[in-house]
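Residue numbers (UniProt numbering): 1 to 391.
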Amino acid sequence: MAYYRSVGDVPRTRHTQHRDESGRLRFEELMGEEGFSSDSSLLHHRGVPSAIVASEVWDLPDQGAEPNHPLAPRHLRLHQLETGPDAVADRRLLLGNADVRISYVVTGTDPSALYRDAVGDECVFVETGSGVVETVFGVLPYRAGDYVVLPRATTHRWLPAEPSRLYCIEASGHVAPPERYLSRYGQLLEHAPYCERDLHGPAEPLLVEGTDVEVLVKHRTSAGVVGTRLVHDTHPFDVVGWDGCLYPYTFNIEDYMPITGKVHQPPPVHQVFEGPRFVVCNFLPRKVDYHPLAVPVPYYHSNVDSDEVMFYVAGDYEARKGSGIGVGSVSLHPGGHAHGPQPAAIEASLGAERFEESAVMVDTFAPLGLGEGGRACEDGDYAWSWAGRRL
Numbered sequence: 001m002a003y004y005r006s007v008g009d010v011p012r013t014r015h016t017q018h019r020d021e022s023g024r025l026r027f028e029e030l031m032g033e034e035g036f037s038s039d040s041s042l043l044h045h046r047g048v049p050s051a052i053v054a055s056e057v058w059d060l061p062d063q064g065a066e067p068n069h070p071l072a073p074r075h076l077r078l079h080q081l082e083t084g085p086d087a088v089a090d091r092r093l094l095l096g097n098a099d100v101r102i103s104y105v106v107t108g109t110d111p112s113a114l115y116r117d118a119v120g121d122e123c124v125f126v127e128t129g130s131g132v133v134e135t136v137f138g139v140l141p142y143r144a145g146d147y148v149v150l151p152r153a154t155t156h157r158w159l160p161a162e163p164s165r166l167y168c169i170e171a172s173g174h175v176a177p178p179e180r181y182l183s184r185y186g187q188l189l190e191h192a193p194y195c196e197r198d199l200h201g202p203a204e205p206l207l208v209e210g211t212d213v214e215v216l217v218k219h220r221t222s223a224g225v226v227g228t229r230l231v232h233d234t235h236p237f238d239v240v241g242w243d244g245c246l247y248p249y250t251f252n253i254e255d256y257m258p259i260t261g262k263v264h265q266p267p268p269v270h271q272v273f274e275g276p277r278f279v280v281c282n283f284l285p286r287k288v289d290y291h292p293l294a295v296p297v298p299y300y301h302s303n304v305d306s307d308e309v310m311f312y313v314a315g316d317y318e319a320r321k322g323s324g325i326g327v328g329s330v331s332l333h334p335g336g337h338a339h340g341p342q343p344a345a346i347e348a349s350l351g352a353e354r355f356e357e358s359a360v361m362v363d364t365f366a367p368l369g370l371g372e373g374g375r376a377c378e379d380g381d382y383a384w385s386w387a388g389r390r391l
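Right, dumping it as structure tokens:
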């Protein structure tokens, strides 16, 4: 996170005694990244955050990903994918590699399990629905169009007010604004397509009483990613105050200011976040290229260093007309395959002044495999849609 916040009851001087009205000592926890060398926050607990009374195996949903071999572009129809209702325990893996995993879930209205992802930051895009995410830092309201960014090891749970479609991007490291948008001191610069006032963190502490509280933890071992059920002696939501530069927040795509140009702009101008060896971009309703001979849809391009994943959220996606792709689709265009608009879409786009489309793109710099969720909702005809036939 790029800037400092202070919420609730914190002592005047850090790492000093902090007591409640009866004189009982609060327990300070430093939550920090990169071994005390990056962003951090100090959390002041009523109970001891390390106090657990049980540890058991939690069998994670299938985390395997099959190679995209033989090489082919893919089309996944997410609205045909059935999931369980729990916002964390019932996610189904669509695509993944060692750096990033993309999953999908359609929630019910019951609270999710308490959850802590100790593998990496999560960047969850809310396709539809609303509710709140309760976290150890406080409460985050969410609505359609929000990215909910949760730092690694943030204990939280989802409380949907209505069924919510969640597109979950899980990093193996940290997710942050692109470095080129930031000053050398971390402020978002004037040319950035959003600013700090667009990022909404918790406004007050969340205090919940309880004992023997179960938390599902996804974490790393020498053998790979596994799950554990930890039972805490007291409720993790016992933080009376915190301050620092590391905390969860939401950002809504309505607050993103698209960058346009005289001719077609490359995808990096649409970037919103970056993670280790991947980036996240928005494609939003916008005015398009204004050169008199401009071709508004993308030119054909080869992702020689990356796989491109596009999630089609809303609107009428001009470049994909005639391909079978629509709202709720995900396309995977892998490195080694030149891709671009459907042939008829090029002529149809000429003279357009505005595109009404919303999409979320993830570009990775290592090949993605197909998860069990992706295989379950794949459209097998997409690869041949440019040619209109298959041998």
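From the three backbone atoms N, C-alpha and C, an ideal C-beta is built for every residue, glycine too.
How long is the line joining the alpha carbons of residue i and residue j, rounded to whole angstroms?
| i | j | result |
| --- | --- | --- |
| Tyr152 | Val295 | According to the sequence as given, residue 152 is Arg; it is not Tyr. The straight-line gap from Cα to Cα measures roughly 42 Å. |
| residue 392 | Glu170 | The chain is shown from 1 up to 391; residue 392 falls before or after that span and cannot be answered. |
| Leu246 | Asn303 | 33 Å |
| Val208 | Phe237 | 5 Å |
| Trp158 | Gly351 | 44 Å |
| Tyr142 | Asp198 | 13 Å |
| Ser183 | Ala192 | 10 Å |
| Ala113 | Ala87 | 8 Å |
| Glu28 | Leu42 | 7 Å |
| Met31 | Val149 | 16 Å |
| Asp379 | Arg354 | 29 Å |
| His232 | Thr135 | 15 Å |
| Leu76 | Ile325 | 9 Å |
| Val327 | Ala376 | 18 Å |
| residue 405 | Val225 | No statement about residue 405 is possible, as the shown extent of the chain runs from 1 to 391 and does not include it. |
| Ser38 | Tyr299 | 39 Å |
| Leu293 | Leu332 | 30 Å |
| Val297 | Arg320 | 9 Å |
| Gln80 | Pro160 | 21 Å |
| Arg26 | Gly186 | 31 Å |
| Ser22 | Gly47 | 15 Å |
| Arg180 | Glu190 | 11 Å |
| Glu196 | Glu356 | 26 Å |
| Pro178 | Gly120 | 17 Å |
| Asp305 | Gly244 | 36 Å |
| Phe132 | Glu347 | The question names Phe, but residue 132 is Val in the sequence shown. So the alpha carbons of these two residues sit roughly 44 Å apart. |
Short check: CB of residue i to CB of residue j, under 8 Å?
| i | j | result |
| --- | --- | --- |
| His44 | Val215 | no |
| Tyr194 | Asp289 | no |
| Val53 | Pro205 | no |
| Glu122 | Arg229 | no |
| Arg165 | Glu372 | no |
| Arg116 | Thr83 | no |
| Arg5 | Gly201 | yes |
| Pro248 | Leu140 | yes |
| Ala344 | Gly369 | no |
| Val280 | Val272 | yes |
| Gly227 | Leu60 | yes |
| Ala366 | Glu274 | no |
| Trp386 | Val10 | no |
| Phe278 | Val362 | yes |
| Ala51 | Thr211 | no |
| Pro276 | Ser172 | yes |
| Ala203 | Gly138 | yes |
How would you label residue i, buried or exposed, when you count the other beta carbons within 10 angstroms and need 16 or more for buried?
| i | result |
| --- | --- |
| Phe36 | exposed |
| His18 | buried |
| Ser110 | Correcting the residue identity first, residue 110 is Asp in this sequence and not Ser. Exposed. |
| Trp384 | exposed |
| Thr250 | buried |
| Ala118 | exposed |
| His174 | buried |
| Ser222 | exposed |
| Gly336 | exposed |
| His291 | exposed |
| Arg24 | exposed |
| Ser145 | Ser is not the amino acid found at residue 145; the sequence shown has Gly there. Buried, because 16 or more other Cβ atoms sit within 10 Å of the Cβ of Gly145. |
| Pro67 | exposed |
| Thr364 | buried |
| Tyr3 | exposed |
| Glu34 | exposed |
| Asp381 | exposed |
What distance in whole Å lies between the Cβ atoms of residue j and residue i, which are believed to be in contact at a cut-off of 8 Å?
| i | j | result |
| --- | --- | --- |
| Pro70 | Pro334 | 11 Å between Cβ atoms; not a contact. |
| residue 395 | Ser130 | Residue 395 lies beyond the stretch modelled for the chain, which goes from 1 to 391, so this question has no answer here. |
| Gln85 | Gly108 | A quick correction: the sequence has Pro, not Gln, at residue 85. Contact holds; Cβ gap of about 3 Å. |
| Val105 | Cys168 | 7 Å |
| Thr260 | Lys287 | 6 Å |
| His301 | His264 | Not a contact, Cβ separation roughly 10 Å. |
| Val309 | Val330 | 6 Å |
Quick check on residue i - is its C-beta less than 8 Å from some C-beta in chain D?
| i | result |
| --- | --- |
| Gly369 | Absence of chain D from the displayed structure is noted, only one protein chain being present. |
Self-check item: Segments of 3+ residues assigned as beta strand (DSSP E) that fall wholly inside the UniProt domain "Homogentisate 1,2-dioxygenase C-terminal" (297-387)
Solution: Counting only runs of at least 3 residues, the UniProt domain "Homogentisate 1,2-dioxygenase C-terminal" (297-387) fully encloses the following beta strand (DSSP E) elements, listed from N- to C-terminal order: 307-315, 329-333, 357-364 and 369-371.
Quiz item: Fully enclosed by the stretch 272-297, which beta strand (DSSP E) runs are 3 residues long or longer?
Solution: DSSP runs (the beta strand (DSSP E)) wholly in the stretch 272-297: 278-283.
Practice problem: Note down, one range per segment and in chain order, each beta strand (DSSP E) of at least 3 residues found wholly within the stretch 187-230. | Solution: Secondary structure in the stretch 187-230: the beta strand (DSSP E) runs of 3 residues or longer, each lying completely within the stretch, are 211-221 in chain order.
Quiz prompt | Whole runs of the beta strand (DSSP E) within the stretch 53-109, excluding any shorter than 3 residues | solution = Annotation note: the stretch 53-109 contains the following uninterrupted beta strand (DSSP E) runs of length 3 or greater, listed N- to C-terminal: 74-77, 92-96 and 100-106.
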